[in-house]
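First to last, the protein sequences are chains F and X. To convert, note that position 10 of the first sequence is 9 in numbering that gives the first Met the number 0; the numbers rise steadily by one, no gaps. To convert, note that position 118 of the second sequence is 117 in numbering that gives the first Met the number 0; the numbers rise steadily by one, no gaps. Have a look at the structure below, then the notes.
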Amino acid sequence: MIPAAQEYGLGVIPWSPLHGGLLGGVLRKAGEGVRRVEGRALEALKVHGDQIQQYEDLADELGHQPGDVALAWLLARPALTAPIIGPHTQEQLDAALRALDVELDAPTLTRLDQIFPGHRAAPEDYAW
Amino acid sequence: MVSRLCLGTMNFGPQTDEPAARSIMDSALEAGINFFDPANVYGGEEHRGWTEEILDRWFASRGERIHHVDRDTPWDEIWQAIEVAVQQGRSYTPGAVTSPAGTSPKRRRLPPGGATPARSVSSPTTTCSPARLSSK
Chain F
0 MIPAAQEYGL GVIPWSPLHG GLLGGVLRKA GEGVRRVEGR ALEALKVHGD QIQQYEDLAD
60 ELGHQPGDVA LAWLLARPAL TAPIIGPHTQ EQLDAALRAL DVELDAPTLT RLDQIFPGHR
120 AAPEDYAW
Chain X
0 MVSRLCLGTM NFGPQTDEPA ARSIMDSALE AGINFFDPAN VYGGEEHRGW TEEILDRWFA
60 SRGERIHHVD RDTPWDEIWQ AIEVAVQQGR SYTPGAVTSP AGTSPKRRRL PPGGATPARS
120 VSSPTTTCSP ARLSSK
């Protein structure tokens, strides 16, 4: 889809960029008792718990909030017009705005790809 | 151009009360966010449309209005009207406000080079509206 969007000059506008808080430091917040893990974040955490731990460790190492890393990564994607953020509070809006100033260097992007391998280009990904 | 972030408004109403929602929209706009995502279903099962009521009052308090697409009007005619509005300086961020999938404009305005569009005018999905389609 994304290569096709690029080809046709269409923008991609992803919603829920933090997946209900999953990429917003869910483990740390749960550990500190700040926020309970629930809903979609909880379901995904059951499957991707190890990856989320590695991801939060990487964010710590970089000195960024996990949510900032997720948004900064998205903002660096080709074809992406704008992620749809869904702040409940002023603080969450401020955090999203802060992510606009976060730049991830090449080694960091590589490490994120290692944590979350994603898909290869079609059709190789599923055809052979 | 739409901003790098789109302000989703789904939580306004059921999760975020109206004063807080207004304050978030004010600061988002001040920070340069000119791209909002409303939907007529936002507000929760008990109060569908609640979010758009909040947005509508916020727009009205700023002397602005949200416009919806008239599905009986051909897209060519809509585009002409938008172009006139842009030329006259009455509008600067035309966008598809919840244009139903499959009814998006056939003649898409793609930017030179065809990369990321400067305006999300022709999204074939049901989201996406810039904050201000027209003023006054």
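All residues carry an ideal CB built from backbone N, CA and C; glycine is no exception.
Collapsed DSSP secondary structure at residue i in the structure displayed
i, result
"Q83/F", "Before going further, note that residue 83/F is Ile rather than Gln in the sequence given. If DSSP states are grouped into helix, strand and coil, I83/F belongs with the strands."
"V68/F", "helix"
"E42/F", "helix"
"E37/F", "coil"
"T15/X", "strand"
"E6/F", "helix"
"E102/F", "coil"
"T97/X", "Any reading at T97/X must be qualified, since the residue scores a pLDDT of 48, below 50, and its modelled position is unreliable; the value itself is stated next. Three-state DSSP puts T97/X in coil, outside helix and strand."
Bridge-paired residues (DSSP) for residue i
i, result
"G7/X", "D36/X"
"W14/F", "I83/F"
Short Cβ contact (8 angstroms threshold) for residue i with residue j
i, j, result
"V36/F", "L44/F", "yes"
"D36/X", "C5/X", "yes"
"Y41/X", "T15/X", "no"
"L92/F", "I23/X", "yes"
"L22/F", "P65/F", "yes"
Which listed residue (the options) has its alpha carbon closest to that of residue i
i, options, result
"N33/X", "Q91/F, D112/F, P82/F", "P82/F"
"S26/X", "A105/F, L96/F, L111/F", "L96/F"
"D100/F", "D112/F, E55/F, P122/F, D67/F", "D67/F"
"A69/F", "A29/F, D93/F, G24/F, L92/F", "G24/F"
"A38/X", "A59/X, W49/X, F58/X, G31/X", "W49/X"
"V11/F", "Q53/F, A75/F, Q89/F, L57/F", "A75/F"
"I114/F", "D124/F, I51/F, A78/F, E60/F", "I51/F"
"L26/F", "I84/F, Y54/F, G38/F", "Y54/F"
Proximity test, residue i beta-carbon vs the ligand FAD heavy atom, cut-off 7 angstroms
i, result
"Y54/F", "Among the ligands in the structure shown, none appear at all, so the ligand FAD cannot be discussed."
Contact residues within the segment 67-90 of chain F, judged by C-beta distance below 9 angstroms to chain X: The residues in question are L70, L74, P77, A78, L79, T80, A81, P82, I83, I84, G85, P86, H87, T88, Q89.
The segment 24-48 of chain X: positions lying closer than 7 angstroms to chain F by Cβ: Residues S26, A27, A30, F34, D36.
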